[in-house]
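Residue numbers (the numbering used here): 106 to 626. Glycine residues also receive a C-beta, built at the ideal position from the N, C-alpha and C atoms. Nothing here was measured: the structure is a model prediction, and the numbers come from that model. Below is one structure, written out as structure tokens; comments come after it.
And the structure:
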């Protein structure tokens with residue numbers, strides 16, 4: 106294939122890749138609205154509910170680097186096909202899970218399947234599109250991610266109106282089949298010739314380190330932040346990640362060239378992606394609970410309101426144009442600041458504040474749509490074509506690890522604050538008191554059973570405690586996002602640099618200050 110001209114059917118191929126991406130994004134948040142139903146049907150604890158969400162994101166993010174290396178070694182089309190088939194099968198298992206542990210297991214397997222798919226999508230884009238079209242293609246790729254995020258809660262809301270919670274996983278089967286058949290017919294195989302081999306040691310260290318860190322964060326509210334298990338998990342996770350960096354610097358064939366993070370575009374892009382994803386998952390994980398348990402909306406009503414974040418679909422196509430006009434740095438910083446503003450609006454929510462929730466979601470979505478494509482493109486242009494899978498995986502890792510940490514920290518903080526702020530009116534004896542202290546959903550169930558003014562007092566007290574914790578948690582997300590914007594302003598260069606297959610500078614696109622086309626040199 107002539108790389109300068111691109112694959113003749115590249116736009117049809119992009120459609121298949123975007124469908125695969127929508128499938129992955131759909132399942133990232135599709136479970137959130139069903140958490141109250143799952144808690145009731147499977148008798149799940151608050152910690153287990155968090156793990157049903159976190160297990161997918163953690164397995165996804167933890168295995169992405171290894172999956173990127175596998176795609177470079179064995180073929181990107183092959184890994185995408187295996188991932189699609191496995192995703193469909195594990196979705197069937199999740200749909201018919203009969204216990205919280207079983208659901209968590211299948212969600213983990215779904216995350217592994219998604220990890221096989223995700224790096225291949227970006228690597229194939231780099232293979233079939235010429236350099237001058239890659240920015241536009243990545244913008245469309247990001248738009249597909251934007252479609253998947255709000256579609257998840259909407260689809261789950263529609264299905265929960267008529268079916269049981271497991272039905273939301275069955276939607277994956279026909280979508281995966283369509284992508285699998287279309288990919289078999291359209292996508293050309295590509296892989297790195299003379300690949301040196303797989304870095305299994307690095308893969309194991311990265312997965313173990315991330316699992317230990319998130320486990321410590323998720324279990325902290327239940328064990329205590331000063332508990333030996335919490336502190337030991339966090340310490341072990343950090344130590345393993347340090348060992349991962351040292352291993353990658355010394356091994357002959359690293360899974361990830363950690364020295365690339367010293368490149369301003371590579372490291373700055375990964376940081377921007379992680380901060381954006383932290384804010385996204387922190388906000389949406391809690392907002393679904395706010396809409397259902399505080400505003401007392403049904404699942405469909407909550408899902409429809411989540412569509413406000415679909416402004417990402419407006420921001421994503423604009424991102425490449427803004428990079429051309431104002432530069433990489435300005436586009437990413439603007440996007441991150443908009444994300445922070447949206448999260449700030451959400452942090453100010455009161456017990457009955459639907460309009461502000463919609464505004465906050467819309468502003469955040471627009472900012473994410475601007476920041477993500479530019480940051481992803483910054484990473485991709487630094488990665489040589491022979492390492493397209495591994496380079497793509499770095500962008501995906503930033504997104505998934507940032508999201509997993511966002512869910513873990515937001516869930517832990519709000520659980521702690523919620524319990525500490527519960528007033529005397531919500532203090533009940535026995536199992537009822539335990540349910541109220543466990544979660545807002547538990548308090549709602551107890552209040553419904555009690556009925557009358559006593560039940561309403563318990564519900565009002567629990568709702569106000571939740572909203573207070575919601576504000577505290579979202580302010581943390583605001584801080585992370587603002588820190589990302591400041592770091593991007595310092596680290597990221599103004600211009601976008603394209604690289605050829607050997608990793609040497611090929612062209613620099615500077616921001617246009619006149620009507621002239623940006624110069625290349």
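Sort 149, 554, 567, 437 by Cα distance to residue 472 and report the nearest one.
As a first step, residue 472 is located in the chain shown; it is residue number 367 there, counting from the start. Closest in alpha carbon position to residue 472, among 149, 554, 567, 437, is 437.
For residue 490, three-class secondary structure by DSSP
For this step, residue 490 is matched to residue 385 along the chain shown. Low confidence applies here, because residue 490 scores a pLDDT of 47, under 50, leaving its location unreliable and the question unanswered by this model.
Endpoints, alpha helix (DSSP H) assigned at residue 277:
Counting from one through the chain shown, the residue named residue 277 turns up at place 172. Its alpha helix (DSSP H) spans residues 277-291.
Using beta-carbon positions only, say whether residue 423 and residue 385 come within less than 8 Å of one another.
In the chain shown, the residue the question calls residue 423 occupies position 318. In the chain shown, the residue the question calls residue 385 occupies position 280. Not in contact: residue 423 and residue 385 (Cβ atoms no closer than 8 Å).
With a threshold of 7 Å (Cβ to nearest heavy atom), would residue 499 be considered close to the ligand FAD?
The model on display carries no ligand, and the ligand FAD is accordingly not part of it.
Enclosing alpha helix (DSSP H) for residue 432 [first to last residue]:
Within the chain shown, numbered from 1, the residue matching residue 432 stands at position 327. Note, residue 432: premise wrong, no alpha helix (DSSP H); not H, not E.
Of the residues 322, 523, 149, which one's Cα is nearest the Cα of residue 569?
Counting from one through the chain shown, the residue named residue 569 turns up at place 464. Ranked by Cα distance from residue 569, the options 322, 523, 149 are led by 523.
I need the straight-line Cα distance from residue 397 to residue 291, nearest angstrom please.
As a working note, residue 397 is residue 292 in the chain shown. As a working note, residue 291 is residue 186 in the chain shown. Cα to Cα, residue 397 sits roughly 43 Å from residue 291.
Distance, residue 225 Cα to residue 603 Cα
Here the question's residue 603 lines up with position 498 in the chain shown. Here the question's residue 225 lines up with position 120 in the chain shown. Any reading at residue 603 must be qualified, since the residue scores a pLDDT of 43, below 50, and its modelled position is unreliable; the value itself is stated next. Taking the straight line from one Cα to the other gives about 20 Å.
Could I get the ranges of all uninterrupted alpha helix (DSSP H) runs contained in the segment 375-428, with 4 residues as the minimum, in chain order?
Positions of the alpha helix (DSSP H) runs, each at least 4 residues long and wholly inside the segment 375-428, are given as 404-411 in order along the chain.
Among 269, 229, 439, which residue has its Cα nearest to the Cα of residue 588?
Working through the chain shown from its first residue, we reach residue 588 at position 483. When only C-alpha atoms are compared, the closest one is 439.
Under the three-state reduction of DSSP, which class applies to residue 114: helix, strand or coil?
For the purposes of this step, residue 114 is taken as the residue at position 9 of the chain shown. DSSP places residue 114 in coil when its eight states are reduced to three.
Quick check on residue 595: buried or exposed, where buried means 16 or more other Cβ atoms within 10 Å of its Cβ?
As a position in the chain shown, residue 595 is number 490, starting the count at 1. Burial call: exposed.
Segment limits, alpha helix (DSSP H) that includes residue 527:
As a first step, residue 527 is located in the chain shown; it is residue number 422 there, counting from the start. Where residue 527 is concerned, there is no enclosing alpha helix (DSSP H), because DSSP gives it neither an H nor an E.
Can residue 351 and residue 410 be called in contact, C-beta distance under 8 Å?
Counted from its first residue, the chain shown places residue 351 at position 246. Counted from its first residue, the chain shown places residue 410 at position 305. Against a cut-off of 8 Å, the Cβ pair of residue 410 and residue 351 comes out as no contact.
Pairing CB atoms from the segment 212-229 with CB atoms from the segment 179-192, are three or more of them under 8 Å?
The segment 212-229 vs the segment 179-192: in contact.
Nearest CA to the CA of residue 399: which residue from 581, 550, 356?
By 1-based counting over the chain shown, the position of residue 399 is 294. When each option's Cα is compared against that of residue 399, the closest is 550.
Look up residue 443 in the DSSP assignment and say whether it is helix, strand or coil.
The sequence position of residue 443 within the chain shown is 338, counting from 1. In the structure shown, residue 443 sits in a helix (DSSP, three-state: H, G or I).
Meets three-Cβ-pair contact criterion under 8 Å: the segment 507-519 and the segment 264-280:
Verdict: no, contact absent.
Straight-line Cα distance separating residue 197 from residue 142:
As a first step, residue 142 must be located in the chain shown, where it is residue number 37. As a first step, residue 197 must be located in the chain shown, where it is residue number 92. Distance between the alpha carbons of residue 142 and residue 197: 18 Å.
Segment contact flag, the segment 573-583 with the segment 441-459, C-beta cutoff 8 Å, min 3 pairs:
Yes: the two stretches touch, three or more of their Cβ pairs being nearer than 8 Å.
Please identify the residue among 519, 502, 528 whose C-alpha is closest to the C-alpha of residue 311.
As a first step, residue 311 must be located in the chain shown, where it is residue number 206. That would be 502, whose Cα lies nearest to the Cα of residue 311.
Euclidean distance between Cα positions of residue 403 and residue 266:
Start at 1 with the first residue of the chain shown, and residue 403 comes out as number 298. Start at 1 with the first residue of the chain shown, and residue 266 comes out as number 161. Distance between the alpha carbons of residue 403 and residue 266: 8 Å.
Any contact between the segment 238-248 and the segment 415-422? By contact I mean 3 or more CB pairs, one from each, below 8 Å.
Cβ pair count under 8 Å is three or more, so yes.
Where residue 590 and residue 377 are concerned, what is the direct C-alpha to C-alpha distance, given to the nearest angstrom?
Within the chain shown, numbered from 1, the residue matching residue 590 stands at position 485. Within the chain shown, numbered from 1, the residue matching residue 377 stands at position 272. Answer to the nearest angstrom: the Cα atoms are 7 Å apart.
Tell me whether the segment 198-215 and the segment 155-163 touch, counting them as touching only if at least three CB pairs, one residue from each stretch, are closer than 8 Å.
At 8 Å Cβ cutoff, the stretches touch.
Secondary structure at residue 328, three-state DSSP: helix, strand or coil?
Numbered from its first residue, the chain shown carries residue 328 at position 223. Note: residue 328 maps to helix in three-state DSSP.
Which same chain residues, not among the five before or five after residue 273, have their C-beta less than 6 Å away from its C-beta?
Position 168 of the chain shown, counted from the start, is the residue given in the question as residue 273. Here the set comprises 135, 261, 264.
Would you kindly work out how many angstroms separate the C-alpha atoms of residue 164 and residue 221, rounded to a whole number?
On the chain shown, residue 164 is found 59 positions in, with the first residue counted as 1. On the chain shown, residue 221 is found 116 positions in, with the first residue counted as 1. Taken atom to atom, the span from the alpha-carbon of residue 164 to that of residue 221 is near 11 Å.
Give every residue of the same chain whose Cβ lies closer than 8 Å to the Cβ of residue 306, excluding the five residues on either side of it in the sequence, and list them in chain order.
Looking up residue 306 in the chain shown gives position 201. Once the five neighbours on either side are set aside, the close Cβ partners of residue 306 are 352, 356.
Counting C-beta neighbours from all protein chains within 10 Å, is the total for residue 481 16 or more, i.e. buried, or is it exposed?
If you number the chain shown from 1, residue 481 lands on position 376. With 16 or more neighbouring CB atoms inside 10 Å of its own CB, residue 481 falls in the buried class.
On the three-state DSSP scale, how would you describe residue 592?
Numbered from its first residue, the chain shown carries residue 592 at position 487. Helix.
When we look at the beta-carbon of residue 564 and count the other beta-carbons within 10 Å, is it buried (16 or more) or exposed?
For this step, residue 564 is matched to residue 459 along the chain shown. Label assigned to residue 564: buried.
Host alpha helix (DSSP H) of residue 631 (start-end)
In the structure as shown, the chain begins at 106 and stops at 626. Residue 631 is therefore absent and cannot be evaluated.
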